[in-house]
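In what follows, a structure is listed as structure tokens, so that the remarks can point back to it.
There are 2 protein chains.
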Amino acid sequence: MKVDETSRKTDETRGPGRRLHGAIAHRLGTDILSGKYAPGDVLSGEVAFAEELKVSRSAYREAIQVLTAKGLVASRPKAGTRVLPRERWNLLDPDVLGWAFAGEPDIEFVRSLFELRAIVEPAAARFAARRRDKDDLKTMKDALAAMRRHTLTTDAGRAADRDFHNAILTATRNDALMVLSASIGAAVNWTTQFKQRARALPRNPIPDHVRVYDAIAAGDENAAAEAMNVLVDLALEDTRSAIEDRDAPQGQPDALTGE
Amino acid sequence: MKVDETSRKTDETRGPGRRLHGAIAHRLGTDILSGKYAPGDVLSGEVAFAEELKVSRSAYREAIQVLTAKGLVASRPKAGTRVLPRERWNLLDPDVLGWAFAGEPDIEFVRSLFELRAIVEPAAARFAARRRDKDDLKTMKDALAAMRRHTLTTDAGRAADRDFHNAILTATRNDALMVLSASIGAAVNWTTQFKQRARALPRNPIPDHVRVYDAIAAGDENAAAEAMNVLVDLALEDTRSAIEDRDAPQGQPDALTGE
DNA sequence: TCTCCCTATTTACTCCGACATATTATGTGC
DNA sequence: GCACATAATATGTCGGAGTAAATAGGGAGA
Numbered sequence: 001m002k003v004d005e006t007s008r009k010t011d012e013t014r015g016p017g018r019r020l021h022g023a024i025a026h027r028l029g030t031d032i033l034s035g036k037y038a039p040g041d042v043l044s045g046e047v048a049f050a051e052e053l054k055v056s057r058s059a060y061r062e063a064i065q066v067l068t069a070k071g072l073v074a075s076r077p078k079a080g081t082r083v084l085p086r087e088r089w090n091l092l093d094p095d096v097l098g099w100a101f102a103g104e105p106d107i108e109f110v111r112s113l114f115e116l117r118a119i120v121e122p123a124a125a126r127f128a129a130r131r132r133d134k135d136d137l138k139t140m141k142d143a144l145a146a147m148r149r150h151t152l153t154t155d156a157g158r159a160a161d162r163d164f165h166n167a168i169l170t171a172t173r174n175d176a177l178m179v180l181s182a183s184i185g186a187a188v189n190w191t192t193q194f195k196q197r198a199r200a201l202p203r204n205p206i207p208d209h210v211r212v213y214d215a216i217a218a219g220d221e222n223a224a225a226e227a228m229n230v231l232v233d234l235a236l237e238d239t240r241s242a243i244e245d246r247d248a249p250q251g252q253p254d255a256l257t258g259e
Numbered sequence: 001m002k003v004d005e006t007s008r009k010t011d012e013t014r015g016p017g018r019r020l021h022g023a024i025a026h027r028l029g030t031d032i033l034s035g036k037y038a039p040g041d042v043l044s045g046e047v048a049f050a051e052e053l054k055v056s057r058s059a060y061r062e063a064i065q066v067l068t069a070k071g072l073v074a075s076r077p078k079a080g081t082r083v084l085p086r087e088r089w090n091l092l093d094p095d096v097l098g099w100a101f102a103g104e105p106d107i108e109f110v111r112s113l114f115e116l117r118a119i120v121e122p123a124a125a126r127f128a129a130r131r132r133d134k135d136d137l138k139t140m141k142d143a144l145a146a147m148r149r150h151t152l153t154t155d156a157g158r159a160a161d162r163d164f165h166n167a168i169l170t171a172t173r174n175d176a177l178m179v180l181s182a183s184i185g186a187a188v189n190w191t192t193q194f195k196q197r198a199r200a201l202p203r204n205p206i207p208d209h210v211r212v213y214d215a216i217a218a219g220d221e222n223a224a225a226e227a228m229n230v231l232v233d234l235a236l237e238d239t240r241s242a243i244e245d246r247d248a249p250q251g252q253p254d255a256l257t258g259e
């Protein structure tokens, strides 16, 4: 049975195989997110900038359209193309999140995402406990089994983890929740990835996942929310120590929780 | 130094003054969201489609880049441009939300948004109660006063309502929450707008807003969340009756709450 | 001196035609 | 029947020409 196959070539936006305009959008996007171009700045004119990047105006313009679509810039004749104020950026767009985490992610923004995750994920588990059906539970169970076989340090293990959480989202029967949670999860995993150096995981995550599963299977909404809350805290703990390793030399107030 | 200038003519994405490629993106976007083009469908080739729309290939391509940026379609040489599966759409993108509500919005999706709002808004009020400062409170107070002067049936009144909720979001000190809530709020207001026919508001909304303000001012997180919860329920009630007026002839199970 | 309107210029926007590249489909030889 | 080379096709990239819009600047009038 040739499983998956589905998620085989779905990475059109990654790697060097990206199209030219996509590469330009990526570069400009990361430059904007990293602060190289600040809100209010006007980019050099199309002709000048395209020439500087050694690309045609068409490719450059298509890249600008992408950035415009994500709320990063706006163009007007005579006035030029300028970076919009931060509150108009589509910060939850998967690409924008990716660009935000391409460099050294802003610690304040990471905190924002974790806070949002701590709000959304338990609520999602609550809905899942209310609405899941047999198929949902089977998918979760299979994913859990796969997680037990491979550890979270392997690709297969992380894939199983994703499957488990995706099954929960599917069970919520809520598209908006699905999209949102998937975006945040992917972004957070970006941060988790850059800390994948040897440091061992703090503790075996399987039992916590099992608790979530049991609560959802039992249809216990409160227990599901609480169990998911534990999982989110665990991930936060994980990321916190990783970030501390990176740039927090000694005991200063924790930037992720403010304590 | 001439200040402001910034937010003067910021409505580039609306009205007939939109650029050509923006108009094409709008048309194709609404066609996709409305189901005219289903996931998996391949669009006619660039040349053919551009000719059919009576526009140049460049303009058509730029529109496609916009849709691609929002996860609605993907293009590959030889294979053509095809509509992506719904789970890859950036449903929380402001434009996509606008396109979704351009026609008759899917009732299931509206339910999703309200459920998400019921999760996010009370949590936002909770954060606001914890982190607001004097300026935040003053902005809220001013907005409340303006709401009292004009009713919600006027433009000025609705603007004051927006200001009030924006002040709460600002007080959360959480960018992700701000962006998300602003998107959802705008979308929900889209639905509220199409029901703006004479039907009087069910009850005076001012006292409920005051309760939210008082709780935030007092720093009482639980009370703030609860008061905001009441507000969301009120909005849901509002939208429900509007939708019932539209397409639910008699007593069938409520699509928005499932009861 | 100030205000208003008109003009000029700058810039993005649109169009066109050609060529390059990537991917699928075809066909050929083994 | 399979592997590899080949061709066909659609998207991708390019360069240039002309259009439309918005700002800045100057001039007429008060």
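Going down the list, the protein sequences come from chains A and B. Every letter in the first sequence is one number past the one before it in UniProt numbering, and letter 69, counting from 1, is 69. Every letter in the second sequence is one number past the one before it in UniProt numbering, and letter 216, counting from 1, is 216. Think of the CB as a built atom: it goes at the ideal place given N, C-alpha and C, for glycine as much as any other residue. All values derive from a computational prediction rather than experimental measurement.
Q: Return yes when the C-beta of serine 241 of chain A is under 8 Å from any heavy atom of the ligand SAH, and no when it is not.
A: Annotation note on the ligand SAH: not contained in the displayed structure, which lists no ligands.
Q) When DSSP builds the beta bridges, which residues end up paired with threonine 81 of chain A? A) A:Ser75
Q: Output yes if chain B places a C-beta closer than 9 Å to the C-beta of isoleucine 243 of chain A; else output no.
A: no
Q: Scan the segment 147 to 205 of chain A and note each continuous alpha helix (DSSP H) run of 4 residues or more that stays entirely inside, going in chain order.
A: 155 to 171 and 175 to 194
Q: Helix, strand or coil for valine 210 of chain A, going by three-state DSSP, please let me know.
A: helix
Q) Would methionine 147 of chain B pass as a contact of proline 205 of chain B if the rule is Cβ separation under 9 Å? A) yes
**Q.** Host alpha helix (DSSP H) of glutamate 51 of chain A (start-end)
**A.** 46 to 53
Q) Does the distance from the CB of phenylalanine 114 of chain B to the CB of leucine 91 of chain B come in under 9 Å? A) no
Q) Considering only C-alpha positions, which residue in the set A:Asp161, A:Asp175, A:Tyr213 and A:Ala23 is nearest to aspartate 95 of chain A? A) A:Ala23
Q. For the candidate residues A:Arg86, A:Ile64 and A:Ser241, whose alpha-carbon lies nearest to that of glycine 80 of chain A?
A. A:Ile64
Q | Bridge-paired residues (DSSP) for valine 42 of chain A | A | A:Arg82
Q | Three-state secondary structure assigned by DSSP to arginine 132 of chain A | A | coil
(Q) When you compare the CB of isoleucine 184 of chain A with every CB in chain B, is at least one pair closer than 9 Å? (A) yes
Q) DSSP three-state call for glutamate 115 of chain A: helix, strand or coil? A) helix
Q: Provide the residue span of the alpha helix (DSSP H) that contains glutamate 62 of chain B, from first to last.
A: 57 to 69
Q: Locate the alpha helix (DSSP H) running through arginine 27 of chain A, then write down its first and last residues.
A: 20 to 33
Q. With DSSP run on the structure shown, which of helix, strand or coil describes leucine 144 of chain B?
A. helix
**Q.** Contact the segment 128 to 143 of chain B vs the segment 71 to 88 of chain A: 3+ CB pairs below 8 Å
**A.** no
Q. Leaving out five residues before and five after tyrosine 60 of chain B in sequence, what residues of the same chain have Cβ atoms less than 7 Å from its Cβ?
A. Ile24, Glu46, Phe49, Ala50 and Leu53
Q: Quick one: residues in its chain with C-beta nearer than 6 Å to the C-beta of arginine 173 of chain B, no 5 flanking neighbours on either side, listed in chain order?
A: Arg131
Q) When you compare each of A:Ser241, A:Leu72, A:Arg57 and A:Val42 to histidine 26 of chain A by their alpha carbons, which one comes out closest? A) A:Leu72
**Q.** Contact set between the segment 137 to 166 of chain A and chain B, restricted to residues whose Cβ is under 7 Å from the partner
**A.** none
Q.
Tell me the residue span of the alpha helix (DSSP H) that contains glycine 98 of chain B.
A. 94 to 100
Q) Relative to the alpha-carbon of alanine 217 of chain B, which residue among B:Lys138, B:Glu244, B:Asp155 and B:Ile243 has its alpha-carbon at the smallest distance? A) B:Lys138
Q. Ordered along the chain, which non-local residues of its own chain (more than five positions away) have a Cβ less than 7 Å from that of valine 55 of chain B?
A. Leu20 and Ile24
Q) Which residues, in chain order, does the segment 39 to 66 of chain B contribute to contact with chain A at a C-beta distance below 7 Å? A) Ser58, Arg61, Glu62, Gln65 and Val66
Q: Please confirm if the segment 206 to 213 of chain A is in contact with the segment 97 to 104 of chain A, defined as three or more CB-CB distances below 8 Å between the two stretches.
A: no
**Q.** Of the listed residues B:Leu97, B:Arg162, B:Pro77 and B:Lys70, nearest to proline 85 of chain B (C-alpha basis)
**A.** B:Lys70
Q.
Using the Cβ count rule (16 or more neighbours within 10 Å means buried), how would you classify threonine 153 of chain B?
A. exposed
Q. Under the rule that 16 or more other beta-carbon atoms within 10 Å means buried, what is arginine 149 of chain A, buried or exposed?
A. exposed
Q) Do isoleucine 184 of chain A and isoleucine 119 of chain B have their C-beta atoms within less than 9 Å of each other? A) no
Q) Taking the alpha carbon of glutamate 121 of chain A as the point to measure from, which residue in A:Glu237, A:Asn189 and A:Val230 has its own alpha carbon closest? A) A:Val230
(Q) Is the separation between the beta-carbon of alanine 128 of chain A and that of aspartate 136 of chain A shorter than 9 Å? (A) yes
(Q) Just verifying my parser: in three-state terms, what is the DSSP assignment at aspartate 238 of chain B? (A) helix
(Q) With a threshold of 9 Å between beta-carbons, can proline 105 of chain B be considered close to chain A, or not? (A) no
Q. Cα-Cα, which of B:Arg18, B:Arg76, B:Thr30 and B:Glu226 is closest to serine 44 of chain B?
A. B:Arg76
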